[in-house]
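The opening residue of the sequence shown carries number 2 in the numbering used here; numbering runs sequentially from there. The block underneath contains the structure these notes are about, expressed in structure tokens.
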Amino acid sequence: MFRWLPRETYKKEDLLRLAKIMIQKETVVFVGDEDFPEDVRLSAEYEPPTEGPNVAAPFPRPKPDTGKLFDTVFGESEPEDENPVIPAGYTYFGQFIDHDLTFDPNSSLQKLNDPEALEDFRTPRFDLDSLYGRGPDDQPYLYQDAPDHGGGIRFRLGRTSSNQDRPGELQRNADGRALIGDPRNDENAIICQLQAVFLNFHNKVIDALESARPQFRNDHHACFLEAQRIVRWHYQYIVLNDYLRRVVGEKTWRTVFQGSGNARPHPHLKFYLPKHGRSYMPVEFSVAAFRFGHSMVRPSYALRPGDRNVGGDRDKAFVDQMFNRIPLFFRLDKNEGGSAGTSAATSTETGAEHVRDLHGFGPLPDDWEIDWNMFFAEAALPTMHADGGDELQVVGQGEGHFTQPGYRIDTKLVDPLALLPPSVAKSGNAPDGIPVLAYRNLLRGSQFELPSGQSVARALEAEVMTEEKLWGDVEDAVLADPNRNPFAYRAPLWYYILKEAETLNTINDPGPLRDSLGGHCLGVVGGRIVAEVIVGIALNDHSSYLYQDVNWTPASEAARSGFAPKVPITDMYSLIHWTTDGAMTFRLDDASGATAAQL
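Structure follows, in structure tokens:
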């Protein structure tokens, strides 16, 4: 994409220095950490639930003698860290998209460091092969047996311990590993349930087609292919019109995809130019720009609302949520009887409670079905000011809950992600034995000799960030000194993209604590790379809706196939809402074993 620009490499010790300042230290997640900081300590009026499933939730309760919390991950600078305009679910939808686009069996830096040799072993298309695999003929174990009377081919889903259907869970083998098209979509408890959402979406589209077109009941192959197209086109529409619009901002989205004043897509690609119409994966995208999602990750998540009825009170809902949050990764404090870096997801016990984290590759606990209201909101998309700038909409809240925001796109990674525990990053697989995600990303960019952020900005005719904006606020004497900074005037592309979003994309947030904070969406450099590649891949895919019928919308699908939800499926919230019959969860009913979506 920009291979004609000067290529940059950096010393490993310099990359490690930079990586260290990208760790957000106040979000360290240790069992046995210090008492709660004053500015985020809970009100004494709050009493945690004493009955119901949340009593067994992994977070410890207040100390009986002091009323203070311990072993928490809530020492984060909320709401300053939070991005009030992008719900937390889009962090993991971005991961889902990345897995759909990319597959590299030789991803180890020790095996491959030639940028010209990087080949995407998965088709760079939005075709959901991470969902469909190689199809029911080649991978029949992903699918239910075709019924003798015809009808569509459906995905297999999970089972409970009593052998009942559990649609919110994936089917698994005897070792607990998910049997899905892409094993990476089981790497945490959020993305594995997002995978289950799309499996259920396909199955319900089959149901709708069989109802709308009786002939499909007698031709399971034709029904499957039509359902697959409908699922793929709705997914592509959401990627282009919901996800992309949020993460790159309205101005960049209109420039690259929609065009000013156009009622239908009018793509304008200036730098993503596939040869012979064959899509490819630029290293500037896969190694740098599309890794912005690492910055959006929270250290912990509530999978569903708390037990109390808090109505629409956001503050009470927030406090109630805190007692239900589960950390992304847990590590034992070395002073609390464990070795530093030990994952508590396997067998660690502190006091009377067993500590769990969201690390995946195993069966979900029975009470971990996600209430997707916590991750996606029925909220308006960005609009534009008269001056062409972005006017952002705040994440919404519903009755009894509020949707968790993602974190801002900036140069800080929360510690559970920045410093990976051994259970996630084995020392033998980490570059130089250093399990620091920022270092791994920076080193990979250097190995692939990516151009600097400044070079790409000039190529885009964008404002080039000053050295003061790039390094003026860093807590490192060498990096803050322009005469000693090894990255002066040639910042690594990934760092530059994050810093650009953090410093140039400042729009006032609502509320006194959020004024003049940035990171709501990508800046010009990051946004343009991400937008051009995503739009370009869809535009060059001969099976995509953008190529086959640029005028297609979810609302127009009824005339084509008879698939006609009452409310067109145009974003992630509406997709999940329709798939679950409005329940926004697949949680099993304790009495009957039926799912909320079946009631």
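Note that beta-carbon positions come from the ideal geometry of N, C-alpha and C, so glycine has one too.
Beta strand (DSSP E) segment containing residue i, residue limits
i	result
S301	S301 to A303
I327	R326 to P328
Y408	P406 to Y408
N- and C-terminal bounds of the alpha helix (DSSP H) containing residue i
i	result
E601	Any answer about residue 601 is impossible in this case: the structure gives the chain only from 2 up to 600.
P417	D416 to A419
Y281	Per DSSP, Y281 belongs to no alpha helix (DSSP H) and is neither H nor E.
G528	V525 to L540
G446	L438 to Q448
G454	G454 to A460
I22	K13 to I22
S544	Where S544 is concerned, there is no enclosing alpha helix (DSSP H), given that its DSSP letter is neither H nor E.
K470	E468 to W472
K252	E251 to W254
Y574	M573 to T580
L480	A478 to A481
D130	D130 to Y133
S562	E558 to S562
8 Å Cβ shell around residue i - same chain, five flanking residues per side excluded
i	result
R265	V551 and N552
A559	A565
Q96	I192 and G294
V475	I22 and A481
N174	L180
Close beta carbons around residue i, own chain, < 6 Å, minus the five adjacent residues each side
i	result
I570	H235, P555, L576 and W579
S545	Q237 and A539
Q405	A89 and M375
K470	T504
L17	Y440
A209	F564
R126	D542
Expected contact under 8 Å - CB spacing of residue i and residue j to nearest Å
i	j	result
P452	R8	6 Å
L19	V457	Going by Cβ atoms, the distance from L19 to V457 rounds to 18 Å, so no, they are not a contact pair.
A502	G524	5 Å
G446	L494	6 Å
K12	P487	7 Å
R87	R247	The question names Arg, but residue 87 in the sequence shown is Ile. I87 to R247, Cβ: 5 Å. Contact.
Residue i vs residue j beta-carbon contact at 9 Å
i	j	result
M375	L304	yes
R607	L143	Not covered by the structure: residue 607. The range shown for the chain is 2 to 600.
H203	L132	yes
G527	F293	yes
S280	D542	yes
A213	G153	no
M466	T504	yes
A492	Q455	yes
R409	H521	yes
D99	F217	no
L438	Q194	no
F377	Y574	yes
G169	I371	yes
P268	L547	yes
P137	F225	yes
S296	L443	no
I530	M2	yes
Y490	E468	yes
Other residues of its chain near residue i: CB distance less than 7 Å, five sequence neighbours each side excluded
i	result
W369	A190 and L304
G182	D130, S131, L132, Y133, G134 and L143
V534	Y273, P283 and F286
I231	V206, E558, S562 and F564
D572	I239 and D243
E188	G361 and F362
G399	With a pLDDT of 48 at G399, under the threshold of 50, the modelled position of this residue cannot be trusted; read the value that follows with caution. Correct list, in chain order: N374.
A532	L245, V249, T253, W254, V257 and F258
V288	R445, G446, F449 and L451
V198	I577 and T580
T10	S447 and E450
D66	Because D66 carries a pLDDT of 36, less than 50, the predicted location of this residue cannot be relied on, and the following value inherits that uncertainty. Result list for D66: empty, nothing under 7 Å.
Y93	I191, I192 and L195
R485	V479
The ligand HEM heavy atom lying under 8 Å from the CB of residue i
i	result
F488	In terms of ligand content, the structure shown is empty, and the ligand HEM therefore cannot be addressed.
For this session: Starting from the N-terminal side, write out each stretch of the alpha helix (DSSP H) that is 4 residues or longer and does not extend beyond the stretch 191–223.
Result: 192–213
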